[in-house]
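The block underneath contains the structure these notes are about, expressed in C-alpha cells.
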Amino acid sequence: MATILVVYGTTEGHTAGIAERIGAVMRDLGHEVHVHDSRDLLKTTLEHAYDGVIVGGSVHAGVHQRSVREFVGQHRDLLDRVPSAFFSVSLTAAEPDEEAKRDVQAVVDKFAQETGWQPRHIEPIAGALVYSQYNIFVRHIMKLIAKRLGRPTDASQDYDYTDWDGVERFARGFAGQLGGSPEGGTEWAPPPGGGQSDERDASEADE
Ligand SMILES: Cc1cc2nc3c(=O)[nH]c(=O)nc-3n(C[C@H](O)[C@H](O)[C@H](O)COP(=O)(O)O)c2cc1C
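Numbering-wise (this note's numbering), the sequence shown opens with residue 1261 and increments by one.
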C-alpha cells in the first residue's frame, strides 16, 4: 500500500471534484490517499512521507491557480523524488482538434516553465461550464467563449465535459505504476512540448 498525496487548485470547484474522484479510485485500490486544496498546504510542512504525488489545477485566462504554482515551487524536491503527475483541467481540453491540443500543451508548458517542474505524466482533463457559479460579468464572458467554441450559451444549466471514466483510468494508471505494474492503459511518459499560447479574453479568476 502506498501513501499518495493529491493536491489541487480550483476556482469554481470542479477540479476539487476531479481530485476527490482520483482519491476515491486509489483508495479503492487499497492506498492511503490524502486530497488537499493547494491553498491549505502553502507554508505548511507535509506531515506524511508520500510515495507518490498528483498535482492538478484548472485554467483561467490561460494560467493555472497561483496556489498550485506556489505549492509546486515549495515542494519541488518531493515532486522530483517520488512518482508524480500533473492534471490540467480546462474547457480547451474538451475540444477534439489538434489546435486545441497544442493550446492545452502550451498552457502546461507555461506552468512547467514557471515552476521549473517537468511532470513525468501530464493528463489534460476537460472541465465544466458552470454558469450557476459565475457572477454576471463572468457569465457574460463565458457565454462569449462558449459561443466561440460552439458550446451551449443557455446559462440556465451547467455543462460537465469531464470524461469521468478517463479520470478513473488516470488514477488507476498512477496507482499502478507505484506498485510497479501500470494499469488502465495510460501512457506514463511526458508528452511532447511546443504549441501556441492559450491566452484568452476571460477575466483573471485566479484563487
Ligand atoms: C473566468 C474563466 C476563465 C477561464 N479561462 C479559461 C481558459 O483560458 N482556457 C480554458 O481552456 N478554460 C478556461 N476556463 C474554463 C475552466 O478551466 C473550466 O470551467 C474548469 O472546469 C474550471 O475548473 P474549477 O471549477 O476547478 O476552477 C475559464 C473559466 C472561467 C470561469
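No residue lacks a Cβ here, since even glycine has one placed at the ideal position from N, Cα and C.
- Secondary structure within the stretch 1263-1308: the beta strand (DSSP E) runs of 3 or more consecutive residues, fully enclosed, are 1263-1268 and 1292-1297 (chain order).
- In the structure shown, the three-state DSSP call for residue 1435 is helix.
- At least one heavy atom of ligand 1 lies less than 7 Å from the C-beta of residue 1275.
- Taking the Cα of residue 1372 as reference, the smallest distance to any Cα among 1331, 1436 and 1342 is reached at 1331.
- Residue pairing from DSSP leaves residue 1322 without any beta-bridge partner.
- Taking 8 Å as the cut-off, the Cβ atoms of residue 1334 and residue 1269 do not count as close.
- Under the three-state reduction of DSSP output, residue 1427 falls in the helix class.
- Not one heavy atom of ligand 1 lies closer than 7 Å to the C-beta of residue 1265.
- Between residue 1415 and residue 1403, the C-beta gap is smaller than 8 Å, which places the two residues in contact.
- When the five nearest sequence neighbours on each side are left out, the beta carbons in the same chain lying within less than 6 Å of the beta carbon of residue 1390 are those of 1272 and 1418, in order along the chain.
- Remark: the C-beta of residue 1402 is in contact range of ligand 1, defined as less than 7 Å to any heavy atom.
- Residue 1271 has its Cβ nearer than 7 Å to a heavy atom of ligand 1.
- Around the beta carbon of residue 1396, a 10 Å sphere encloses fewer than 16 other beta carbons of the protein chains shown; the residue is thus reported as exposed.
- Where residue 1349 is concerned, the enclosing beta strand (DSSP E) starts and stops at 1344-1350.
- The continuous beta strand (DSSP E) containing residue 1381 extends over residues 1381-1386.
- Here residue 1261 is exposed: its Cβ has fewer than 16 other Cβ atoms, across all protein chains shown, within 10 Å.
- Per DSSP, the beta bridge partners of residue 1314 are 1266 and 1345.
- Closest option to residue 1436, judged by alpha-carbon separation, among 1384, 1286, 1274 and 1265: 1286.
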